[in-house]
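Q:
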Amino acid sequence: MEKKRYTLAIMVDNESGVLSRVSSLFSRKGYNIESIAAGTLETPNVTRITIEVLADDDNQINLLCNQVRKLFPVHSVKLLNSSQSIRRELVLIKVKTENSEERNEIIQISNIFRASIVDVATNSLTIAIIGEEEKTEAIINLLQKHGILEMGRTGILALERGAFTLDEDTKVRGEFDYGKNVR
Amino acid sequence: MKMTGAKIVMECLLEQQVDTVFGYPGGTILNLYDELYNYSDKIRHIRTAHEQGASHAADGYARSTGKVGVCFATSGPGATNLVTGIATAYMDSSPVVFITCNVGKGLIGKDAFQEVDITGITMPITKTNYIVKRAEDLADVIREAFAIARSGRPGPVLIDILKNATAEEAEYVPMKRSYHHLEGRLGALISRASHNMKAPEPELADIEKLVDMIEYSEKPLLICGGGVVRSQAHMEFEEFANRIDSPVAVTVMGGGGFHGRNALTTGMIGMHGSQASNMAVDNCDLLIAFGCRFSDRVALDPTSFAKQAKIVQVDIDRSEINKNVVTDHHIIGDARRVLDMLNERITPKSHREWKEYVFSFPTQTDYVLASETLNPRQITDSIDRLCPRDVIVATDVGQHQMWTIQHLHYSYPGQLLTSGGFGAMGFGLGAAIGAKVSHPDKIVLHMTGDGSFRMNLNELHTVATYNLPIITILFDNHTLGMVRQWQTLIYDQHYMATDIGAEVDYIKLAEAYGLSGRRVTNQADFEEALKEAMACGRGYIIDCVLDIDEKVKPMVNNGAPITKFLILD
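Note that the protein sequences, when read in sequence, are chains A and B.
The first sequence runs 377 to 559 under my numbering.
The second sequence runs 10 to 578 under my numbering.
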């Protein structure tokens, strides 16, 4: 069966070990984390963890969300609707440049992709690009023939479109009620 | 007032009305034991032979009293020896607070003597765990830990305290338990809707829908799971079952949640479930499970499980809904509260025809009499006849466990102590110690097999030291009977590593510990020994000789449809 990719936004206490508490739950329940990103927020002592994971179906992912909700440092878990959320990732790519011709070509590619050149050396260029996988994968493919020396990516970050926020009670409630009359 | 971390721990235990601690001392936890010395008139310490025994004893104490059990251990091997006990408590939702001490702040991460990352190790098997580095954090953490252990779906919590935090002084402000939720960590936690420490209130619409479903059901079946026991909802459950006149199948963990002598009980359900239970599952039109996660030992084949029925799951833990079996309706809430709400709304029903069908199948299995040995029914029947009705029964894991659960009648939560989820051999004697310490006036039976007994028989030492008159009933068949049964039926009789021989003289073993014992091969001798054991006032081993090929019946194979019996009788 084709697995579906789901994006979870998890708000947690910013305390030591919280990332391993959350991430180990995923592997314990048999899921592989495709992408993970964590960072502190405007509220003190709260960290937002964005996790992307493959699951069979909505029931599976809801079970997983409820497992995560049980962890005590977790404030809230939101399953982000992919069509109604913005997903972005930052990728840094260091590319080999043999000569000025090649350098120009790479600069052109990055212009097309609205990527920015963040470092130039005599025989390398470092490019920063922000986008969804389609965009980042496309530029990575194009740059590959020039020789990628090194690469780093932040993992996907996601926010819902519009004024909805994670802590909105009614939405969380809606998710708790999944599975009634599923047959 | 200012006091050492160790003293703060003691004061916090008293805040929680802890009167008994099971544990084992060691280097890093010495400060705690030194302070325990000053508190020994208020807190009783039971030192076991091994930390695993202490962990099971604290668990048995918790299960039999409904209070939070407490267990101490030192760092390193002391802490890792708890792991099996913690996992056992976790799988069976038993509230236990484990307190370990680790090496001091300056040594953490240096691979110091007896250092281990026990919070890392126990992360998957605790509700939560803590590492406390400063004495001033202790009271806050302990208060939160106890609240978490006992709230919602109960479970174990571990607190690892660095040795320096037990020696340093900090300000301690006494606080009654009823105020704990107002301040500090616990206060902050509770202020969040997601972890308010209250059981979720069942939704009225959900209750009314179930009432409707019951109204239209002609062939209902109830499953009594461990949640009924943890919620002490046995009275409410019985009233409900009587009212809707529905047969009741009981899971391993549900033993004690429904009166075993009520005529509505179909006995155990699942892999070794009775024919009546399993046939009822297959033929019912409405299945209502209370506090049951439909584990692979109950819903062996989740897709064919109760295939003709609407399945309703009542659980306090949201994450259990639809986990193993896909349900048609569910209610989130504490079993007792849900049952109360249902009982207020249910009109009495009668299901004579359906009951006649279900009870046309046996609820128990008979065993053939052999001349040289006892059979399991003779043992359980005699216990049933001779022991007081409130006898507490702790089991180990294996054939004897199934026989004990199938054939004895349990009537209240905490009467049956068994490792149902984790299946930890060696659980029984520890649990029996915990139960006997908390219930000195009740008879406590430790049902075990010769395989399980050898896992933790060192705890006979604890039985002797503290003069705990626990009666060990040893189902002695010189083999790891349950594994052998699988080898017989499924693995072409390749008896690899299961026959454990007869070289141990258990009576001499009892004597070595200053206890008594008797070897029996027939029912009359067993009864005589049991009477003697109940009268003697000290630990007693009854070594019951069973046939090596005695089997637990019926049996359904792993993953098979629940009525596809591999063996019947």
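Note that beta-carbon positions come from the ideal geometry of N, C-alpha and C, so glycine has one too.
The structure displayed is predicted, hence computed values, not measured ones.
Which of helix, strand or coil does DSSP assign to T493(A)?
A: Counting from one through the first sequence, the residue named residue 493(A) turns up at place 117. For the record, residue 493(A) in the displayed sequence is Ile; it is not Thr. The answer is strand: DSSP assigns I493(A) an E or B state.
Q: So what does DSSP say about A144(B), is it helix, strand or coil?
A: As a first step, residue 144(B) is located in the second sequence; it is residue number 135 there, counting from the start. A144(B) falls in the helix class under three-state DSSP.
Q: Compare the C-alpha of V494(A) against each of L468(A), T512(A), N475(A) and E477(A) and name the closest.
A: Translated into the one-based positions of the first sequence, residue 494(A) becomes position 118. The option with the nearest alpha carbon to V494(A) is L468(A).
Q: For G35(B), which residues in the same chain have their Cβ closer than 6 Å to its Cβ, ignoring the five residues on either side in sequence?
A: As a working mapping, residue 35(B) is identified with position 26 in the second sequence. Answer for G35(B): T83 and G87, listed in chain order.
Q: Tell me which residues share the same chain as V472(B) and place their Cβ nearer than 6 Å to its Cβ, disregarding the 5 neighbours each side in the sequence.
A: By one-based count along the second sequence, residue 472(B) stands at place 463. If we look at V472(B) and ignore the five residues flanking it on each side, its Cβ neighbours are I479 and G548.
Q: Please report the residue range of the alpha helix (DSSP H) in which F249(B) lies.
A: As a working mapping, residue 249(B) is identified with position 240 in the second sequence. F249(B) -> alpha helix (DSSP H) spans H243 to I253.
Q: Could you compute how far the alpha carbon of K540(B) sits from the alpha carbon of N567(B)?
A: Position 531 of the second sequence, counted from the start, is the residue given in the question as residue 540(B). Position 558 of the second sequence, counted from the start, is the residue given in the question as residue 567(B). Taking the straight line joining both Cα atoms gives about 39 Å.
Q: Would a check of beta-carbon distances place I157(B) closer than 8 Å to chain A?
A: Residue numbering aside, residue 157(B) sits at position 148 when the second sequence is read from its first letter. It does: the Cβ of I157(B) has a partner Cβ on chain A nearer than 8 Å.
Q: Are P563(B) and D310(B) touching if we call contact CB-CB under 8 Å?
A: Looking up residue 563(B) in the second sequence gives position 554. Looking up residue 310(B) in the second sequence gives position 301. No, Cβ-Cβ distance for P563(B) and D310(B) is not below 8 Å.
Q: Report yes if the C-beta distance between G443(B) and S73(B) is below 8 Å; otherwise report no.
A: By 1-based counting over the second sequence, the position of residue 443(B) is 434. By 1-based counting over the second sequence, the position of residue 73(B) is 64. Result yes, Cβ atoms of G443(B) and S73(B) sit closer than 8 Å.
Q: Would R327(B) count as contacting chain A if we go by Cβ distances under 8 Å?
A: For the purposes of this step, residue 327(B) is taken as residue 318 along the second sequence, with counting starting at 1. So, interface residue.
Q: When we look at the beta-carbon of K521(A) and count the other beta-carbons within 10 Å, is it buried (16 or more) or exposed?
A: Here residue 521(A) refers to the residue found at position 145 of the first sequence. So K521(A) ends up on the exposed side.
Q: Around the C-beta of F122(B), are 16 or more other C-beta atoms found within 10 angstroms, so that it is buried, or is it exposed?
A: Numbered from 1 along the second sequence, position 113 holds the residue referred to as residue 122(B). Exposed, by the Cβ-count rule.
Q: Going by CA-CA distance only, name the one from M132(B), T497(B), L395(B) and I330(B) that's closest to S304(B).
A: In the second sequence, residue 304(B) corresponds to position 295, counting from 1. Looking at the Cα atoms, I330(B) is the closest of the given residues.
Q: Go to V380(A), then tell me how far its alpha helix (DSSP H) extends in each direction, as first and last residue.
A: Locating residue 380(A) in the first sequence gives position 4, counting from the first residue. The identity of residue 380(A) in the sequence shown is Lys, whereas the question assumes Val. Counting along the chain, K380(A) falls outside any alpha helix (DSSP H), though it belongs to the beta strand (DSSP E) covering K380 to D389.
Q: Which first and last residues belong to the beta strand (DSSP E) in which Q532(B) is found?
A: Counted from its first residue, the second sequence places residue 532(B) at position 523. Run containing Q532(B): none in the beta strand (DSSP E); it sits in the alpha helix (DSSP H), Q532 to C545.
Q: Check whether the region 549-560 of chain B and the region 479-491 of chain B are in contact - that is, three or more C-beta pairs closer than 8 Å.
A: At 8 Å Cβ cutoff, the stretches touch.
Q: Does any CB atom of chain A fall closer than 8 Å to the CB of M100(B)?
A: Residue mapping note: residue 100(B) aligns to position 91 of the second sequence, counting from 1. With 8 Å as the cut-off, M100(B) does not count as an interface residue toward chain A.
Q: Under the three-state reduction of DSSP, which class applies to D215(B): helix, strand or coil?
A: Against the second sequence, residue 215(B) aligns to sequence position 206. The answer is helix: DSSP assigns D215(B) an H, G or I state.
Q: Between the region 155-180 of chain B and chain A, which residues of the former have a C-beta closer than 8 Å to a C-beta of the latter?
A: Of all residues in the region 155-180 of chain B, I157 have a Cβ within less than 8 Å of some Cβ in chain A.
Q: Rounded to the nearest angstrom, how far is the Cβ of H455(B) from that of T481(B), given a contact under 8 Å?
A: In the second sequence, counting from the first residue as 1, residue 455(B) sits at position 446. In the second sequence, counting from the first residue as 1, residue 481(B) sits at position 472. Contact flag correct, Cβ pair sits at about 5 Å.
Q: Among the residues of its own chain, which have a CB less than 8 Å from the CB of K511(A), if the five just before and after it don't count?
A: In the first sequence, residue 511(A) corresponds to position 135, counting from 1. Counting only Cβ-Cβ distances below 8 Å, and skipping sequence neighbours, we find F489 and I505.
Q: Taking 8 Å as the CB-CB cut-off, is H204(B) touching chain A?
A: Counting from 1 along the second sequence, the entry for residue 204(B) is found at position 195. Taking Cβ atoms only, chain A reaches closer than 8 Å to H204(B), which makes this a yes.
Q: Around the C-beta of R549(A), are 16 or more other C-beta atoms found within 10 angstroms, so that it is buried, or is it exposed?
A: On the first sequence, position 173 is the one that residue 549(A) refers to. Residue placement at R549(A) is poorly supported in this model, since its pLDDT is 46, which falls under 50; the coordinates are not used for a value here.
Q: Near A58(B), which residues of its chain fall below 7 Å by C-beta distance, leaving aside the five closest residues on each side in sequence?
A: Within the second sequence, residue 58(B) is the residue found at index 49, counting from 1. N467, E468, H470 and T471.
Q: Mind pulling the chain A residues with CB within less than 7 Å of K332(B)?
A: Position 323 of the second sequence, counted from the first residue, corresponds to residue 332(B). In chain order: L439.
Q: Considering only the alpha carbon of each residue, which of Y99(B), K119(B), V182(B) and R252(B) lies closest to K358(B)?
A: Taking the first residue of the second sequence as position 1, residue 358(B) is located at position 349. That would be R252(B), whose Cα lies nearest to the Cα of K358(B).
Q: Ignoring anything shorter than 3 residues, give me the beta strand (DSSP E) runs that lie fully in the region 399-470 of chain A, in order along the chain.
A: You should have 409-416, 422-431 and 450-456.
Q: Taking C-beta to C-beta, are V398(A) and L456(A) nearer than 8 Å?
A: Along the first sequence, one-based indexing puts residue 398(A) at 22. Along the first sequence, one-based indexing puts residue 456(A) at 80. No; because the gap between Cβ atoms is not below 8 Å, this pair is not in contact.
Q: Kindly list the residues whose CB is nearer than 8 Å to the CB of A414(A), restricted to its own chain and excluding five residues on each side of it in sequence; keep chain order.
A: By one-based count along the first sequence, residue 414(A) stands at place 38. Taken in chain order, the residues that qualify are L395, T423, R424, I425 and T426.
Q: What do you get for D50(B), buried or exposed, if any count of 16 or more other CB atoms within 10 angstroms of its CB means buried?
A: Your numbering for residue 50(B) matches position 41 in the second sequence. Label assigned to D50(B): exposed.
Q: I want to see whether chain A comes within less than 8 Å of T137(B), judged by CB atoms only; does it?
A: Translated into positions along the second sequence, residue 137(B) becomes position 128. Yes, T137(B) lies at the interface with chain A (some Cβ there is under 8 Å from its Cβ).
Q: With 16 other CB atoms within 10 Å as the buried threshold, where does T416(A) fall?
A: For the purposes of this step, residue 416(A) is taken as the residue at position 40 of the first sequence. Label assigned to T416(A): exposed.
Q: Would you tell me roughly how many angstroms separate the C-alpha atoms of Q460(A) and E536(A), rounded to the nearest one?
A: As a position in the first sequence, residue 460(A) is number 84, starting the count at 1. As a position in the first sequence, residue 536(A) is number 160, starting the count at 1. Their backbone Cα atoms lie some 6 Å apart in a straight line.
Q: How many angstroms separate the CA atom of D389(A) from the CA atom of V166(B)?
A: One-based indexing of the first sequence puts residue 389(A) at position 13. One-based indexing of the second sequence puts residue 166(B) at position 157. Taking the straight line joining both Cα atoms gives about 18 Å.
Q: Under a CB-based cut-off of 8 Å, is R201(B) close to chain A?
A: Here residue 201(B) refers to the residue found at position 192 when the second sequence is read from its first residue. Interface residue, yes.
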